[in-house]
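Notes follow the structure.
In our numbering, the protein residues as written are 1105 to 1533.
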């Protein structure tokens, strides 16, 4: 059994509290009412409980005094509108989601495998949230069908980590008309023909027939831009993967081996042709493209949209659930706030963003700055670790409550009504 995941420099305690308490965690303790005087402190990101601030945390949401949107809603309803009149249902990359949230790519990392991966899939399906199945699941853990290619020597870490098991866990809970699954493919996945397998598999047919299957082309990731996926193996397990991954037997000492995936090579033309090939080969599937937080992220997003991508995901440098070199996590890649600024002039029609998402204000700021939805990575895993049956559901209840409160405070009643005027930055932007 794997130990429960921990997340240094992430507000783990707050996420776990939300996974236990649900919407109540959006407020101070009810027992403090009447004798504790509440007011502004040092800021959301300034305490040990919530971790270091970044540019997005330092921004503030700024409601206007005069609210034409609230008046319009008042006339529509025939009464004064309240926060629960905010409608959070959102179209995400061709899917309908119960709120502007999706579960970020979680691939072959050990923390997302086994029972936690299944619990996360089940709860995401029950919530109607789109879910991304990340790279390297098939080459490492197997596809999950007797005649499908698995990792060398069979699935690693138990059958529950296979791609089909995650897919079945998700679809078994999914309501009609909601959610959807995006399946990533890395270079190693392409060798295993992952997209071909999924596209033709009877398990995926209900998703395909209802327009709720997507394939996501991954160019990189926030935690380690410019590098491929990395995991740690013991020397015995490493021998099973030497024919398909880069293995460094010296980097981590005698007992561990560093397993590296190919990062893939992209130019504007390669990206354009890859998307066109996806649309030609898999005409019934949606096309998503995931970008790492590179300095040319706006150009890459334009190329993806022009080539026909249904959604563009940008993973800010604050993101990451897997293994990454220490030098990368704090010093490589654009912060999410900087990515959003670069994309502001010509934002993709469906921009999905991830990077340290755990509470409503950060999510609403991202939506106001051009995102269609935000992705949960570490927060989703920690919620499920706290309660495998209801943790993500309760966490999402709290997130939805906060989003409704914040959006209504801005005099708006749907996420797509938000805009950059709703956000103030201390940098003057």
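The beta-carbon is built from N, C-alpha and C at its ideal position, and this holds for glycine as well. Because the structure is a prediction, the values reported are computed rather than measured.
{"Query": "Give the range of the beta strand (DSSP E) segment to which residue 1480 is assigned.", "Result": "1477-1480"}
{"Query": "How should residue 1374 be labelled, buried or exposed, when 16 other C-beta atoms within 10 angstroms of its C-beta is the threshold for buried?", "Result": "exposed"}
{"Query": "For residue 1338, which of helix, strand or coil comes out of DSSP?", "Result": "strand"}
{"Query": "If the criterion is Cβ atoms closer than 9 Å, does the pair residue 1372 and residue 1393 meet it?", "Result": "no"}
{"Query": "Is it the case that the Cβ atoms of residue 1353 and residue 1282 are separated by a distance below 9 Å?", "Result": "no"}
{"Query": "What number of angstroms, rounded off, separates the C-alpha of residue 1406 from the C-alpha of residue 1451?", "Result": "8 Å"}
{"Query": "Have a look at residue 1529 and residue 1160 and give me their C-alpha separation to the nearest angstrom.", "Result": "8 Å"}
{"Query": "Span of the alpha helix (DSSP H) holding residue 1302?", "Result": "1298-1303"}
{"Query": "Given residue 1143, which residues of its chain have a CB within under 6 Å of its CB, disregarding the five upstream and five downstream residues?", "Result": "none"}
{"Query": "Tell me the residue span of the beta strand (DSSP E) that contains residue 1350.", "Result": "1350-1352"}
{"Query": "For residue 1161, name the three-state secondary structure that DSSP assigns.", "Result": "helix"}
{"Query": "Should residue 1369 be labelled buried (16 or more other beta-carbon atoms within 10 Å of its own) or exposed?", "Result": "exposed"}
{"Query": "Opposite residue 1316 in the DSSP bridges: which residues?", "Result": "Answer by DSSP bridge pairing: none, since residue 1316 is not bridged."}
{"Query": "With DSSP collapsed to three states, give me the class of residue 1286.", "Result": "strand"}
{"Query": "Quick one: Cα of residue 1315 to Cα of residue 1389, how far?", "Result": "7 Å"}
{"Query": "Between which residues of its own chain and residue 1122 is the CB-CB distance below 6 Å, once the five residues before and five after are set aside?", "Result": "1129, 1499 and 1502"}
{"Query": "Quick test of your reading: residue 1285 and residue 1311, contact by CB under 8 Å. State the CB separation rounded to the nearest angstrom.", "Result": "6 Å"}
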